[in-house]
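Single-structure report; data block below.
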Amino acid sequence: GNSVTQMEGPVTLSEEAFLTINCTYTATGYPSLFWYVQYPGEGLQLLLKATKADDKGSNKGFEATYRKETTSFHLEKGSVQVSDSAVYFCAPFVGGYNKLIFGAGTRLAVHP
Amino acid sequence: DTGVSQDPRHKITKRGQNVTFRCDPISEHNRLYWYRQTLGQGPEFLTYFQNEAQLEKSRLLSDRFSAERPKGSFSTLEIQRTEQGDSAMYLCASSFGSGDYNEQFFGPGTRLTVL
Chain A
17 GNSVTQMEGP
27 VTLSEEAFLT
37 INCTYTATGY
47 PSLFWYVQYP
57 GEGLQLLLKA
67 TKADDKGSNK
77 GFEATYRKET
87 TSFHLEKGSV
97 QVSDSAVYFC
107 APFVGGYNKL
117 IFGAGTRLAV
127 HP
Chain B
264 DTGVSQDPRH
274 KITKRGQNVT
284 FRCDPISEHN
294 RLYWYRQTLG
304 QGPEFLTYFQ
314 NEAQLEKSRL
324 LSDRFSAERP
334 KGSFSTLEIQ
344 RTEQGDSAMY
354 LCASSFGSGD
364 YNEQFFGPGT
374 RLTVL
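Chains as they are written, first to last, in the numbering used here: chain A, 17 to 128; chain B, 264 to 378.
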């Protein structure tokens with residue numbers, strides 16, 4: 017079946033540190049891939065996406081590359097800020113079923 | 264456009280009661296989704312509408328759950344004879360188009376607590 021495995025949190029970093037949150041998925045075909053973010057007290061919002069193999073999605077300094085061979089979509093940021101503290105969700109879009117399959121989420125805490 | 268809205272934001276009910284939630288998607292979005300999120304977990308898909316047609320329902324959606332989207336605009340999710348295990352955040356999302364790469368926009372959610 018379709019599933020997503022995300023790096024377990026919480027991840028605690030100092031400001032300006034490098035961030036990687038691993039995500040691998042199991043899905044039929046080559047789904048579009050998304051990272052959503054949930055800031056404290058707010059709703060889910062799209063962070064970035066990639067729709068085909070080797071595509072790189074980027075937004076707000078975050079990047080993720082669609083790796084078909086390893087079925088991965090790891091999230092990276094070169095220098096995190098306190099304002100990046102949130103829960104991050106990796107989610108392939110399973111087109112045939114018209115839905116997002118979410119990972120369990122990774123909580124990131126960035127301290128000054 | 265103000266985005267996806269949901270009402271109520273919070274609902275506390277006693278076990279056995281019926282509850283109904285409403286979702287207003289972004290206007291002209293033809294796709295509407297309901298998800299459920301429990302504490303510490305990612306959202307889980309419940310059901311999907313394309314315009315007014317309910318095209319998919321998850322196995323998570325027992326017979327006590329029903330969803331409608333009359334006229335392809337707002338949607339309602341009703342839970343009958345609520346159980347404590349129904350306590351969760353119920354999220355609505357909408358998107359436009361027919362491809363599998365279109366962003367889903369999420370509402371703020373309705374938090375249900377069943378006592």
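All C-beta atoms in this analysis are idealised placements derived from N, C-alpha and C, irrespective of residue type, glycine included. Here the structure is a predicted model, which means the values were calculated and not measured.
- The C-beta separation of Q300 (chain B) from A351 (chain B) comes to about 6 Å, placing the pair in contact by the 8 Å criterion.
- Among the residues facing chain B, F105 (chain A) is included, as its CB has a counterpart in that chain under 8 Å away.
- Close to G370 (chain B), with beta-carbon spacing below 7 Å, are these residues of chain A in chain order: G59.
- Any Cβ of chain A closer than 8 Å to the Cβ of P306 (chain B) would place that residue at the interface, and such an atom is present.
- Beta-bridge pairing by DSSP links K93 (chain A) to A:L35, A:F78.
- Residue environment: S30 (chain A) is assigned as exposed (fewer than 16 neighbouring CB atoms within 10 Å of its CB, all protein chains considered).
- Distance check between W51 (chain A) and each of A:A69, A:N38, A:S99, A:G57 places A:N38 closest, using alpha-carbon atoms only.
- Against chain A, the beta carbon of L318 (chain B) has neighbours under 9 Å at N114, listed in chain order.
- Among the residues facing chain B, F118 (chain A) is included, as its CB has a counterpart in that chain under 8 Å away.
- Within chain B, G303, Q304, G305 have C-beta atoms less than 8 Å from the C-beta of G121 (chain A), given in sequence order.
- Using a C-beta cut-off of 8 Å, the stretch 318-325 of chain B makes no contact with the stretch 365-375 of chain B, since fewer than three inter-stretch Cβ pairs fall below that distance.
- E366 (chain B) reaches chain A at F50, L62, K65, counting residues in chain order whose Cβ is nearer than 9 Å.
- Listed in chain order, the positions of the stretch 283-297 of chain B with a beta carbon within less than 9 Å of a beta carbon of chain A are R294, Y296.
- Taking a 10 Å sphere around the C-beta of R294 (chain B), we find 16 or more other C-beta atoms and assign the residue as buried.
- For Y353 (chain B), no chain A residue has a C-beta closer than 7 Å to its own C-beta; the minimum C-beta separation is roughly 12 Å.
- For S325 (chain B), the secondary structure class from DSSP, reduced to helix, strand or coil, is coil.
- In the structure shown, the three-state DSSP call for P56 (chain A) is coil.
- Nearest to T44 (chain A) by C-alpha distance, out of A:K65, A:E79, A:L63, A:T87, is A:T87.
- About 4 Å separates the beta carbons of E315 (chain B) and G335 (chain B), which is inside the 8 Å limit, making them a contact pair.
- Here S19 (chain A) is exposed. Its C-beta has fewer than 16 other C-beta atoms within 10 Å.
- Inter-residue distance for Y82 (chain A) and T40 (chain A) is about 10 Å (C-alpha atoms, whole angstroms).
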